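The listed protein sequences derive, respectively, from chains A and B.
Residue numbers 101 to 210, in the working numbering, belong to the letters of the first sequence in order.
Residue numbers 33 to 146, in the working numbering, belong to the letters of the second sequence in order.
One structure is given here, and the rest of the page talks about it.
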Amino acid sequence: KQEVTQIPAALSVPEGENLVLNCSFTDSAIYNLQWFRQDPGKGLTSLLLIQSSQREQTSGRLNASLDKSSGRSTLYIAASQPGDSATYLCCAGTASKLTFGTGTRLQVTL
Amino acid sequence: DTGVSQDPRHKITKRGQNVTFRCDPISEHNRLYWYRQTLGQGPEFLTYFQNEAQLEKSRLLSDRFSAERPKGSFSTLEIQRTEQGDSAMYLCASSLMTQNTEAFFGQGTRLTVV
C-alpha cells in the first residue's frame, strides 16, 4: 500500500525567501508525481507533473524534482510571495489511484 | 472547456437523509476519481472509473456509498442514511487515459451533516 509523507507539516517564511517542501513515498512503482496547491475551502490546483522517467520539472518560480529509486520528491519555490500562502500537496499516481500526503501548510509573511 | 465541475458546492443535510453529488469531468477524459477530504488531511481515495466501468473502490466506500458513471460521462456519488462522520469535502478529478497525464480537480462539494 502506497504511503506518502510530507515534511514539514507547516512552514512560515518571510517574503522573498527560497524554500523547499519535501515528499516521500513508499512504493516506487508510480506513473508520475504531481504537486498541487490548495487554498482554504477550495479544490486542488495542479502545479507540476513529473513523469516517472523524468528527474525534474519547472514552471516559473517552481521547480519539482523526483528521485524514484529513493522515493523522494521536492518542490522548490523561489523568491516566495504572500500569494504563495496555501497548502501544498504531493501526490503519487498510478493508473487507478492518486495517493496524497497530508500536505505542507505554507505561510509567507510580509 | 471550463474544467471539472461539481454540483452542488455546498450541502447541509440532516442525519439519516440521502444526498447525491454530481461531477462533470473535462470532455474526453476517460478516468474519473472521487476523493474525500476532512480538515487538515490530504484527500482520501474513494473510487475510480475508467469510462463507465468502476474499476476500484476503497474500503472507505461503505455500503451506504454508491457511485455511478453512466455512459462514461458525468458521475454521481450518493450517500444513503448520512451520518455526522460523513461531513467532509468531496472532490472529483478527471484525467486522460495515458500514463503520464495530469489529474484535474473540481472545486469540491462541502457536505455538512447536522
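In this text, a Cβ means the ideal position worked out from N, Cα and C, and glycines have one as well.
None of these values were measured; they are calculated from a predicted model.
Query                                                                                                                           : Result
Buried/exposed call for Leu166(A), threshold 16 Cβ in 10 Å                                                                      : buried
Straight-line gap, Trp66(B) to Ser146(A) (C-alpha atoms, nearest Å)                                                             : 16 Å
Where Gly104(B) sits in the DSSP three-state scheme                                                                             : helix
Beta-carbon contacts of Thr209(A) that lie in its chain and below 8 Å, excluding the five residues immediately before and after : Ser112, Val113, Pro114, Glu115 and Pro182
Reference Leu123(B); option with closest CA among Ile58(B), Arg68(B) and Arg41(B)                                               : Arg68(B)
N-terminal and C-terminal residue of the beta strand (DSSP E) that Met121(B) is part of                                         : Ala120 to Ser127
For Leu128(B) and Gln112(B), the rounded distance between their alpha carbons                                                   : 30 Å
Buried or exposed (CB count within 10 angstroms, at least 16 for buried), Thr144(B)                                             : exposed
Terminal residues of the beta strand (DSSP E) in which Thr158(A) lies                                                           : Glu156 to Ser159
When Arg47(B), Gly104(B), Val36(B) and Glu115(B) are compared against Gln86(B), the one with the closest alpha-carbon           : Gly104(B)
Beta-carbon neighbours of Gly203(A), restricted to chain B and to distances below 9 Å                                           : Gly72, Gln73 and Gly74
Opening and closing residue of the beta strand (DSSP E) in which Asn132(A) lies                                                 : Asn132 to Gln138
Supposed contact pair Val51(B) and Thr130(B) - C-beta distance, whole angstroms, cut 8 Å                                        : Contact doesn't hold; Cβ gap of about 34 Å is too wide.
Burial state of Arg47(B), where buried means 16 or more other Cβ atoms lie within 10 Å                                          : exposed
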